[in-house]
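Engineer:
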Amino acid sequence: MSTMDVRYQPETIEPAVQRAWDQAHAFRAVEDPSRQKFYCLSMLPYPSGKLHMGHVRNYTIGDVLTRYHRMNGKSVLQPMGWDAFGLPAENAAIANGVPPAAWTYDNIAYMKGQLQQLGFALDWEREVATCQPDYYRWNQWLFLRMLELGIAYLKTGTVNWDPVDQTVLANEQVIDGRGWRTGALIEKREIPMYYLNITRYADELLGALDSLPGWPERVKLMQANWIGKSVGVRLAFPYSLGGKAEKLWVFTTRADTLMGATFVAIAAEHPLALELALQQKEAKPALAAFIEECKHGGVTEAELAVQEKKGVDTGFTVEHPLTGAALPVWIGNYVLMAYGDGAVMGVPGHDERDFAFALKYGLKIQQVVSVPDGAYDATTWRESYGSKAERCVNSGAYDGLAYAPAVDAIARDLAAQQLGEKKVQWRLRDWGISRQRYWGCPIPIVHCKTCGAVPVPDAQLPVVLPEGLAPDGSGNPLNRCDPFVKVDCPKCGQPARRETDTMDTFVDSSWYFLRYCSAGAPTMVDARAKYWMAVDQYIGGIEHAILHLLYARFWTKVMRDLKLVTVDEPFTNLLTQGMVLNHIWSRKPAEGRVQYFNPSEVEPKRDAAGQIVGGTLRADGGPVTFEGLGTMSKSKNNGVDPNELVERYGADTVRLFMMFASPPEQTLEWSDAGVEGSSRFLKRVWKLVHAHLAPGAAPALAVATLSEPQRALRRAVHATIAKVGDDIGRRTHFNTAVAALMELVNTLIDFDDNTPQDRALMQEALEHLTLLLQPFTPHLSQALWTALGGRGLAIDAAWPKADPAALARDEIELVVQVNGKLRGSIRVPVAADRATIEAAALANADVLRFTAGKPPKKVVVVPGRLVNVVI
Ligand code: ANZ
Ligand code: ZN
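Under the working numbering, residues 5 to 875 are what the sequence shown spells out, in order.
Below, the structure is given as structure tokens:
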């Protein structure tokens with residue numbers, strides 16, 4: 005044995021093992037109908053430049069599962085690809101003039117190298133980059149099918165308009181109402197956009213959550229809230245304007261409070277608001293001014309929830325549908341045009357927002373539902389005022405009714421006058437997919453003066469995005485790219501204009517997992533998708549719990565309805581991994597912005613209990629402030645570069661640390677000491693195996709003749725096999741599996757292997773250990789497997805099976821009590837009968853000290869647990 009082998013050298017082992025995998029095409033997935041399949045999918049990365057620790061954690065989890073199921077005989081698919089369209093590539097282009105395509109492809113090449121360095125068992129033959137025409141042509145193709153079905157349609161939508169750059173901005177480019185580059189006040193503009201009718205599937209998307217037991221409850225709840233099914237009443241307030249009888253509709257979930265409506269509030273974009281403002285341009289300029297002001301405010305529900313409630317009185321009134329009373333109409337900034345009817349009945353007595361609004365503007369507050377303690381006070385809001393659990397009061401004929409009967413009675417009375425009916429309202433909106441951006445999938449439409457919006461014929465797909473353009477911040481460069489824009493109308497042949505909007509990048513990630521199954525197919529998907537779908541395990545960040553997962557579920561259902569796939573749901577099991585955290589260190593200079601320092605540049609100071617109390621910057625010895633733990637991020641400069649770690653310790657150490665540090669769903673706190681510990685562990689394993697191998701080959705194991713200490717060791721090995729398999733396969737708790745492996749290694753190190761059978765036993769133990777390590781530290785596992793005499797690739801070996809005979813114990817330990825007090829313990833054969841157990845207990849030295857030989861009154865035996873001697 006050369007000394008070289010005795011030192012653990014990941015820098016030589018890892019590339020060599022990776023080459024062996026490549027040569028054997030070890031991770032090529034095959035559709036083998038004779039085997040059970042396992043489709044293990046990790047969310048595809050955005051090619052931002054380099055991997056971060058979140059990626060490493062995500063993909064290591066996937067890799068552990070992939071290797072485990074593979075060794076358990078399943079046919080496994082673990083693919084990888086790139087979510088390659090999107091804004092950061094355009095921003096990079098603006099910053100340094102490189103076209104987004106070049107930037108993206110460079111990043112992909114670099115990050116692919118990083119993934120390969122980490123030794124993930126990926127089938128690279130199925131790689132997908134969503135910016136490639138042979139992928140996105142199918143976005144376009146399916147969009148055309150959706151147009152045919154009426155699932156895709158054109159409608160005006162609101163966008164953020166930067167008046168200086170003359171361009172539309174994405175929501176994330178609007179900061180405090182201003183353009184990110186220009187600082188100009190952003191305006192809302194209405195432009196035609198394509199929408200996908202996801203609301204058509206709202207019912208199924210909500211109901212089917214119950215068919216997903218493999219999803220975290222939290223994610224299902226977030227989806228359900230997002231879809232937001234509200235059962236209520238749509239009702240109308242009659243009015244007349246310009247001599248015409250009209251109705252102002254509102255949606256309410258609290259029709260039981262109708263008798264407490266004291267005003268009506270409408271959204272600034274509501275047609276009635278616009279009409280009234282126009283009519284009273286001279287008399288009431290405040291209306292138009294307020295509507296203008298609202299244009300710069302937030303549009304999302306979250307923004308509306310936090311902004312100060314403001315409004316103006318239009319001076320106009322509508323009729324209460326049941327009492328006929330005149331109610332003032334206000335324009336309110338807390339009313340969303342996009343929800344329900346863009347108008348609410350104001351019930352300040354029982355709705356918190358209306359209450360705040362009424363207090364501010366001195367509107368009438370009327371109690372119409374009882375409160376638990378009987379005391380209603382119209383000057384301060386209390387939670388109980390919003391309760392549905394009480395009964396109607398001050399409500400005439402409805403007094404005394406509980407919530408449900410009150411809603412029924414009021415809905416009936418409204419229906420009799422055609423002023424209302426029960427209605428289910430969804431929060432979910434149709435999905436607007438048009439983006440006024442360059443780096444995305446072109447929407448396959450041509451605009452013709454004569455024929456209107458004409459779909460590009462299938463035969464002309466893909467509509468290829470020109471790759472050489474570099475945006476400069478002044479809008480979509482496609483608009484100025486004549487070779488792209490100028491086309492003949494597919495219908496009449498006249499000169500026409502190609503659509504320059506591109507698709508939301510969520511389209512790209514809505515079906516990439518289907519393309520992996522059907523890599524290279526001349527159709528969108530082929531029969532292979534039937535074999536692989538649904539995804540058995542999906543792994544990714546919780547930040548995608550709502551939109552990405554919902555869109556992917558929707559897209560899959562559309563493809564199912566088009567008979568392209570057979571599954572109803574794409575992802576059977578979902579694991580959302582926790583964030584990777586690290587310390588945050590900062591310094592606030594006298595002037596200017598806070599500076600953040602990477603934890604590697606700081607020397608922390610700790611108190612006696614080990615808590616960090618401060619630190620100094622190594623570079624200048626000056627103090628820095630400890631801000632606690634936070635998600636690793638560029639903005640806080642607290643990331644750890646995976647590359648540096650791999651170079652220093654090897655990929656196996658990084659992988660092992662990530663799996664050992666915490667359960668996958670919880671946050672992971674970065675720890676240099678933890679990485680060191682993982683590295684030391686692998687060195688010990690390496691040393692242990694080579695020390696065992698040094699004297700030469702071990703003889704065959706003769707299980708039948710083992711001594712008790714030998715059996716105990718074998719029991720430990722097989723108990724570990726059982727535990728590690730259960731932890732990975734059933735519990736997906738990898739940290740406890742690693743802990744069990746570490747414990748086993750300690751046991752093996754402590755074992756003196758003196759006899760040939762000891763060595764035979766060690767050989768078996770180390771072979772098993774090596775295979776159990778394969779999911780976590782596959783390179784080390786492979787090198788040791790070969791050293792131990794294993795043939796071929798360890799990943800092709802069968803996962804160790806716990807031998808029931810090894811697990812079985814001959815003897816068990818029973819606790820012995822005297823008069824219910826613990827006095828000692830006895831060892832008896834597992835199969836011992838009552839009489840034998842009694843005799844052993846009474847003969848036990850500890851028991852004899854208390855019984856002094858007196859015959860007991862009674863002996864109670866609880867099988868497998870204890871014996872109680874009563875004297
Ligand atoms: C009167 C009322 C009284 C309400 C009360 C609530 C409590 P969910 O559950 O989310 O569906 N609403 C309706 N349309 C709105 C819009 N466009 N913008 C802002 N708010 C709107 O919420 C339904 C409730 O939200 C409705 O019921 C309405 O206020 C408000 F004690 O009507 B409610
Ligand atoms: Zn035409």
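All residues carry an ideal CB built from backbone N, CA and C; glycine is no exception.
Note the first and the last residue of the continuous alpha helix (DSSP H) segment covering Arg501.
Structural biologist: Counting along the chain, Arg501 falls outside any alpha helix (DSSP H), though it belongs to the beta strand (DSSP E) covering Pro499 to Arg502.
Engineer: Assuming the contact rule is C-beta atoms closer than 8 Å, Val458 and Val450 should be a hit. Round their C-beta distance to whole Å, please.
Structural biologist: Yes, Val458 and Val450 are in contact; Cβ-Cβ is about 5 Å, under 8 Å.
Engineer: In whole angstroms, give me the CA-to-CA distance for Ile830 and Ile732.
Structural biologist: If you take the alpha carbons of Ile830 and Ile732, they lie about 36 Å apart.
Engineer: Listed by chain order, which residues have C-beta atoms less than 5 Å from any heavy atom of the ligand ZN?
Structural biologist: Per the Cβ criterion, the list is Cys452, Thr454, Cys455, Cys493, Lys495 and Cys496.
Engineer: Can you tell me the Cα-Cα spacing of Ser514 and Ala342, whole angstroms?
Structural biologist: One C-alpha to the other measures close to 25 Å.
Engineer: Which two residues bound the contiguous beta strand (DSSP E) that contains Asn739?
Structural biologist: Careful: Asn739 lies outside any beta strand (DSSP E), inside the alpha helix (DSSP H) at Phe738 to Asp754.
Engineer: Thinking C-alpha only, which one of Pro14, Val21, Tyr12 and Arg11 is nearest Ala798?
Structural biologist: Of Pro14, Val21, Tyr12 and Arg11, the residue nearest in Cα terms is Val21.
Engineer: Cβ-heavy atom distance between Thr261 and the ligand ANZ below 7 Å?
Structural biologist: Within the cutoff, so yes.
Engineer: Quick one: residues in its chain with C-beta nearer than 6 Å to the C-beta of Gln767, no 5 flanking neighbours on either side, listed in chain order?
Structural biologist: If we look at Gln767 and ignore the five residues flanking it on each side, its Cβ neighbours are Ala702.
Engineer: Secondary structure at Pro782, three-state DSSP: helix, strand or coil?
Structural biologist: Residue state, collapsed to three classes: helix.
Engineer: For the segment 28-97, list the beta strand (DSSP E) runs that are entirely contained and at least 3 residues long, ordered along the chain.
Structural biologist: DSSP runs (the beta strand (DSSP E)) wholly in the segment 28-97: 41-46 and 79-81.
Engineer: Does the Cβ of Arg431 lie closer than 7 Å to at least one heavy atom of the ligand ANZ?
Structural biologist: Yes, the beta carbon of Arg431 sits closer than 7 Å to at least one heavy atom of the ligand ANZ.
Engineer: Taking the Cβ atom as the reference point for each residue, do Pro446 and Leu465 lie within a distance shorter than 8 Å?
Structural biologist: Taking 8 Å as the Cβ cut-off, Pro446 and Leu465 do not qualify as a contacting pair.
Engineer: Going by C-alpha to C-alpha distance, which of Glu547, Thr560, Asp512 and His548 sits closest to Lys534?
Structural biologist: Among Glu547, Thr560, Asp512 and His548, the Cα nearest to that of Lys534 is on Thr560.
Engineer: Contact check, Gly654 vs Glu18 under 8 Å by CB: the rounded distance?
Structural biologist: Contact holds; Cβ gap of about 6 Å.
Engineer: Buried or exposed for Pro833, going by 16 or more other Cβ atoms inside 10 Å?
Structural biologist: Exposed, by the Cβ-count rule.
Engineer: Quick one: give me the first and last residue of the alpha helix (DSSP H) that Lys116 is part of.
Structural biologist: Element bounds for Lys116: Pro104 to Gln121.
Engineer: Tell me, please, whether the segment 697-714 touches the segment 754-772 by the rule of three or more beta-carbon pairs shorter than 8 Å.
Structural biologist: Verdict: yes, contact present.
Engineer: Would the beta-carbon of Ala362 be found less than 7 Å away from any heavy atom of the ligand ANZ?
Structural biologist: No, the ligand ANZ has no heavy atom inside 7 Å of this Cβ.
Engineer: According to DSSP, is Arg11 helix, strand or coil?
Structural biologist: Arg11: coil per DSSP, three-state reduction.
Engineer: Could you give the C-beta distance for Gln118 and Lys54, rounded to a whole number, given that I count them as a contact under 8 Å?
Structural biologist: The Cβ separation is near 7 Å, so the contact holds.
Engineer: For Gln821, which of Pro481, Asn586 and Thr855 has the nearest alpha-carbon?
Structural biologist: Checked all of Pro481, Asn586 and Thr855; the closest Cα to Gln821 is Thr855.
Engineer: Can you give me the C-alpha to C-alpha distance between Pro92 and Gln283, rounded to a whole angstrom?
Structural biologist: Their backbone Cα atoms lie some 46 Å apart in a straight line.
Engineer: For Pro494, which option in Thr454, Ile725 and Arg532 has the closest C-alpha, if you only look at C-alpha atoms?
Structural biologist: Ranking the options by Cα distance to Pro494, first place goes to Thr454.
Engineer: Restricting to runs no shorter than 4 residues, where is the alpha helix (DSSP H) found entirely within the segment 461-524?
Structural biologist: Listed in chain order, the complete alpha helix (DSSP H) runs (minimum 4 residues) inside the segment 461-524 are 486-489, 509-512 and 516-521.
Engineer: Consult DSSP for Gln877 and reduce its assignment to one of helix, strand or coil.
Structural biologist: Limits of the chain in this structure are 5 at one end and 875 at the other, which puts residue 877 out of reach.
Engineer: Could you tell me whether the Cβ atoms of Phe267 and Leu331 are closer together than 8 Å?
Structural biologist: Going by C-beta atoms, Phe267 is nearer than 8 Å to Leu331.
Engineer: With a cut-off of 8 Å on the beta carbons, I'd call Ile753 and Arg688 a contact; round off their distance for me.
Structural biologist: The Cβ separation is near 7 Å, so the contact holds.
Engineer: CB-CB under 6 Å to Val235, same chain, minus the five flanking residues each way: which ones, in chain order?
Structural biologist: Excluding positions up to five away in sequence, the list reads Val428.
Engineer: Which value, in whole angstroms, describes the spacing of the CA atoms of Leu770 and Ala698?
Structural biologist: Looking at the two C-alpha atoms, the distance is approximately 14 Å.
Engineer: By a C-beta neighbour count over all protein chains shown, 10 Å radius and 16 as the cutoff for buried, is Asn877 buried or exposed?
Structural biologist: This structure cannot settle anything about residue 877, because the visible part of the chain is limited to 5 through 875.
Engineer: Can you tell me the Cα-Cα spacing of Val863 and Arg718, whole angstroms?
Structural biologist: When rounded, the distance between both Cα atoms is 35 Å.
Engineer: Below 8 Å on the Cβ atoms is my contact criterion, and I expect Thr781 with Asp656 to pass it. Report the Cβ-Cβ distance as a whole number of Å.
Structural biologist: About 4 Å separates the two Cβ atoms, so the contact holds.
Engineer: Pull up the distance between the alpha-carbon of Tyr243 and that of Thr261, whole angstroms please.
Structural biologist: Those two C-alpha atoms are separated by around 21 Å.
Engineer: Is the separation between the beta-carbon of Leu811 and that of Glu673 shorter than 8 Å?
Structural biologist: Taking 8 Å as the Cβ cut-off, Leu811 and Glu673 do not qualify as a contacting pair.
Engineer: Inspect the beta-carbon positions of Phe558 and Tyr205 and report whether they are closer than 8 Å.
Structural biologist: In this structure, Tyr205 lies closer than 8 Å to Phe558 by Cβ.
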